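A.B. asks:
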Amino acid sequence: MQLGLHESAAWTWQDLLTLCKPRVVVVMLVCALVGMALATPSLPSLATVVFGLAGIGMAAGGAAAFNHVVDRRLDAMMLRTSQRPLASQRMPTVLALGWASLLSIAGIALLLWQINALTAWLTLASLIGYALIYTAFLKRATPQNIVIGGVAGAAPPMLGWTAVTGQLGPEPLLLVLIVFAWTPPHFWALAIHKRDEYARAGVPMLPVTHGEAFTRLQVWLYGWLTVAVTLLPFVIGMSGAVYLLGVMALNLRFMYWNWKVWRGADSKAPLAAFWFSIRYILGVFGVLLLDHYAGLWAM
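Going by numbering that gives the first Met the number 0, the residue at position 51 of the sequence shown is 50; the numbering climbs one at a time, nothing skipped.
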């Protein structure tokens with residue numbers, strides 16, 4: 000692969016870290032850690048936590064780096080992403096591709112070696128789903144890209160669960176469903192804020208193809224779907240009163256911001272809703288964890 004004439008070598012190790020989208024990976028690892036904790040009535044073993052999170056984290060970072068490679072021309076057209084290492088052409092594409100491959104292979108190999116095959120293959124499937132199916136195809140093919148591709152991003156709590164148990168069940172799939180339902184209102188709020196940039200880049204995000212009013216309504220409706228799904232852990236007996244009270248408080252604030260997005264009267268609401276939704280999903284998993292250990296302490 001030849002490097003472009005304008006690609007320079009003025010990159011730093013911080014650029015390698017940027018390729019991994021560390022903030023996104025941290026959120027994923029928190030969800031994976033909660034999945035590990037919920038999978039056992041006691042504390043998960045230290046080795047499982049360390050090697051499991053390391054493997055999942057490297058694979059997630061590799062998938063993010065592949066996303067940078069595939070989206071480098073699109074990123075250059077958008078203000079939000081124009082200073083990324085590849086979009087700004089300060090890092091050679093071949094280097095980023097090698098870094099993405101190294102992280103992905105190392106992460107999957109570590110999971111195979113130290114955790115179990117099920118977690119390794121599920122992680123690989125999630126990597127392919129995000130880096131190839133979503134980024135290379137769905138993102139440019141349909142305004143429902145974030146809904147369909149959201150399955151890959153919803154996998155971390157399930158991966159944490161299987162890292163401990165080595166098997167699937169209704170509980171980890173419910174954790175996946177929570178993140179899956181949350182993803183559209185989370186991302187479409189940002190898409191409303193960045194609608195003009197997506198339009199210039201030719202990306203068929205929902206606000207571009209169906210208009211802002213329709214997208215605002217979808218944020219509101221998917222918000223209620225998220226509320227319903229987050230109540231299911233209590234309904235099926237997976238969690239207790241501590242979780243119910245905590246998640247109800249979180250849902251009130253979550254739907255407040257979704258309501259402001261739906262009304263469309265506040266131009267700053269979509270971005271504020273986007274940032275709160277990150278704290279929201281961390282809070283949901285946080286109260287799940289708190290409820291889990293509160294039940295153990297009460298025994």
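No residue lacks a Cβ here, since even glycine has one placed at the ideal position from N, Cα and C.
Since the model is a prediction, treat every value here as computed from it, not as a measurement.
Inspect the beta-carbon positions of A162 and I107 and report whether they are closer than 9 Å.
C.D. replies: If you number the sequence shown from 1, residue 162 lands on position 163. If you number the sequence shown from 1, residue 107 lands on position 108. In this structure, I107 does not lie closer than 9 Å to A162 by Cβ.
A.B. asks: Mind checking which residues open and close the alpha helix (DSSP H) that includes R83?
C.D. replies: As a first step, residue 83 is located in the sequence shown; it is residue number 84 there, counting from the start. Segment: none, R83 is in no alpha helix (DSSP H) and carries neither H nor E.
A.B. asks: Tell me which residue opens and which closes the alpha helix (DSSP H) that C30 is part of.
C.D. replies: Residue 30 sits at position 31 when you count from the first residue of the sequence shown. 21–37 is the span of the alpha helix (DSSP H), which, as asked, contains C30.
A.B. asks: Roughly how many whole angstroms lie between the Cα atoms of T39 and G51?
C.D. replies: Here residue 39 corresponds to residue number 40 of the sequence shown, with the count starting at 1. Here residue 51 corresponds to residue number 52 of the sequence shown, with the count starting at 1. For T39 and G51, the distance between alpha carbons rounds to 15 Å.
A.B. asks: Measure how close the beta-carbons of E196 and R79 come, nearest whole angstrom, since I'm counting them as under 8 Å.
C.D. replies: In the sequence shown, the residue the question calls residue 196 occupies position 197. In the sequence shown, the residue the question calls residue 79 occupies position 80. The pair is a contact, with the Cβ atoms about 6 Å apart (cut-off 8 Å).
A.B. asks: What residues in its chain sit with their C-beta under 6 Å from that of C30, if we drop five residues either side in the sequence?
C.D. replies: As a first step, residue 30 must be located in the sequence shown, where it is residue number 31. Excluding positions up to five away in sequence, the list reads P155, P156, F284.
A.B. asks: Just how far apart, CA to CA, sit V93 and W12?
C.D. replies: Here residue 93 is taken as the residue at index 94 of the sequence shown, counted from 1. Here residue 12 is taken as the residue at index 13 of the sequence shown, counted from 1. Straight-line Cα distance between these residues: approximately 15 Å.
A.B. asks: Quick test of your reading: A119 and L111, contact by CB under 8 Å. State the CB separation rounded to the nearest angstrom.
C.D. replies: Counted from its first residue, the sequence shown places residue 119 at position 120. Counted from its first residue, the sequence shown places residue 111 at position 112. Yes, A119 and L111 are in contact; Cβ-Cβ is about 4 Å, under 8 Å.
A.B. asks: Figure out for me which residue from H209, R215, Q166, D265 has the closest Cα to the Cα of L121.
C.D. replies: Counting from 1 along the sequence shown, the entry for residue 121 is found at position 122. With distances taken between Cα atoms, L121 lies closest to Q166.
A.B. asks: Under a Cβ-count criterion, where at least 16 other Cβ atoms within 10 Å of its own Cβ denotes burial, should D265 be classed as buried or exposed?
C.D. replies: Translated into the one-based positions of the sequence shown, residue 265 becomes position 266. With fewer than 16 Cβ atoms within 10 Å of its Cβ, D265 is classed as exposed.
A.B. asks: Let me check understanding here. Comparing Cα to Cα, which of A64, R139, G54 lies closest to L73?
C.D. replies: Within the sequence shown, numbered from 1, the residue matching residue 73 stands at position 74. Ranking the options by Cα distance to L73, first place goes to R139.
A.B. asks: Determine the burial state of R262: buried for a count of at least 16 other Cβ atoms within 10 Å of its Cβ, exposed for fewer.
C.D. replies: Here residue 262 is taken as the residue at index 263 of the sequence shown, counted from 1. So R262 counts as exposed.
A.B. asks: For L158 and R199, what's the separation of their Cα atoms in angstroms?
C.D. replies: Walking along the sequence shown from the start, residue 158 turns up at place 159. Walking along the sequence shown from the start, residue 199 turns up at place 200. In a straight line, the C-alpha of L158 is about 37 Å away from that of R199.
A.B. asks: Kindly indicate the opening and closing residues of the alpha helix (DSSP H) around I104.
C.D. replies: Taking the sequence shown and counting its residues from 1, the one referred to as residue 104 is at position 105. Segment 92–109, the alpha helix (DSSP H) holding I104.
A.B. asks: For L4, count neighbouring C-beta atoms within 10 Å of its own C-beta (all shown protein chains included) and say buried if the count is 16 or more, exposed if not.
C.D. replies: Taking the sequence shown and counting its residues from 1, the one referred to as residue 4 is at position 5. The pLDDT assigned to L4 is 38, lower than 50, so where the model puts this residue is not dependable, and the model offers no usable value.
A.B. asks: Could you pull the start and end residues of the alpha helix (DSSP H) that N257 belongs to?
C.D. replies: For the purposes of this step, residue 257 is taken as the residue at position 258 of the sequence shown. It spans 240–262 - the alpha helix (DSSP H) in which N257 sits, taken as one unbroken run.
A.B. asks: Which class does T118 belong to by DSSP, given the choice of helix, strand or coil?
C.D. replies: Translated into positions along the sequence shown, residue 118 becomes position 119. T118: helix per DSSP, three-state reduction.
A.B. asks: Report the CB separation of P84 from A75 in whole angstroms; it is logged as a contact under 8 Å.
C.D. replies: For the purposes of this step, residue 84 is taken as residue 85 along the sequence shown, with counting starting at 1. For the purposes of this step, residue 75 is taken as residue 76 along the sequence shown, with counting starting at 1. That pair is no contact at about 11 Å.
A.B. asks: For the putative contact between V286 and V246, defined by C-beta atoms under 8 Å, what is the C-beta separation to the nearest angstrom?
C.D. replies: To locate residue 286, count along the sequence shown from 1; it is residue 287. To locate residue 246, count along the sequence shown from 1; it is residue 247. Correct: roughly 6 Å between the Cβ atoms.
A.B. asks: Among the residues of its own chain, which have a CB less than 6 Å from the CB of P269, if the five just before and after it don't count?
C.D. replies: What you label residue 269 is simply residue 270 of the sequence shown in a count that begins at 1. Correct list, in chain order: A188, I191, H192, V260.
A.B. asks: Are the CB atoms of T182 and A212 within a distance shorter than 9 Å?
C.D. replies: The residue given as residue 212 occupies position 213 in the sequence shown. The residue given as residue 182 occupies position 183 in the sequence shown. Cβ distance not < 9 Å, so A212 and T182 don't count as in contact.
A.B. asks: Out of G60, V25, A180, F253, state which residue places its alpha-carbon closest to the alpha-carbon of L15.
C.D. replies: What you label residue 15 is simply residue 16 of the sequence shown in a count that begins at 1. Of the listed residues, the one whose Cα sits closest to L15 is G60.
A.B. asks: Distance, Cα to Cα, F233 vs T225?
C.D. replies: For this step, residue 233 is matched to residue 234 along the sequence shown. For this step, residue 225 is matched to residue 226 along the sequence shown. Between F233 and T225, the C-alpha separation is close to 14 Å.
A.B. asks: In its own chain, which residues sit with a C-beta less than 6 Å from the C-beta of F273, not counting the 5 before and 5 after it?
C.D. replies: Walking along the sequence shown from the start, residue 273 turns up at place 274. Taken in chain order, the residues that qualify are A188, L189.
A.B. asks: Can you give the Cα-Cα distance for A86 and F65, rounded to whole angstroms?
C.D. replies: Looking up residue 86 in the sequence shown gives position 87. Looking up residue 65 in the sequence shown gives position 66. Cα-Cα distance, rounded: 13 Å.
A.B. asks: Taking DSSP as the reference, what is the three-state secondary structure of L2?
C.D. replies: As a working note, residue 2 is residue 3 in the sequence shown. At L2 the pLDDT is 42, less than 50, meaning the model places this residue with poor confidence; the figure from the coordinates comes in the next sentence. Coil at L2, not helix or strand.
A.B. asks: Could you compute how far the alpha carbon of H291 sits from the alpha carbon of L37?
C.D. replies: Position 292 of the sequence shown holds residue 291. Position 38 of the sequence shown holds residue 37. If I take the Cα positions, the gap works out to 7 Å.
A.B. asks: Look at W256 and A240 and say whether their C-beta atoms are less than 9 Å apart.
C.D. replies: Position 257 of the sequence shown, counting from 1, holds the residue named residue 256. Position 241 of the sequence shown, counting from 1, holds the residue named residue 240. For W256 and A240, no; Cβs fall outside 9 Å.
A.B. asks: Exposed or buried, which one is I55 when buried takes at least 16 other CB atoms within 10 Å?
C.D. replies: Numbered from its first residue, the sequence shown carries residue 55 at position 56. The residue is buried, with at least 16 neighbouring Cβ atoms inside 10 Å.
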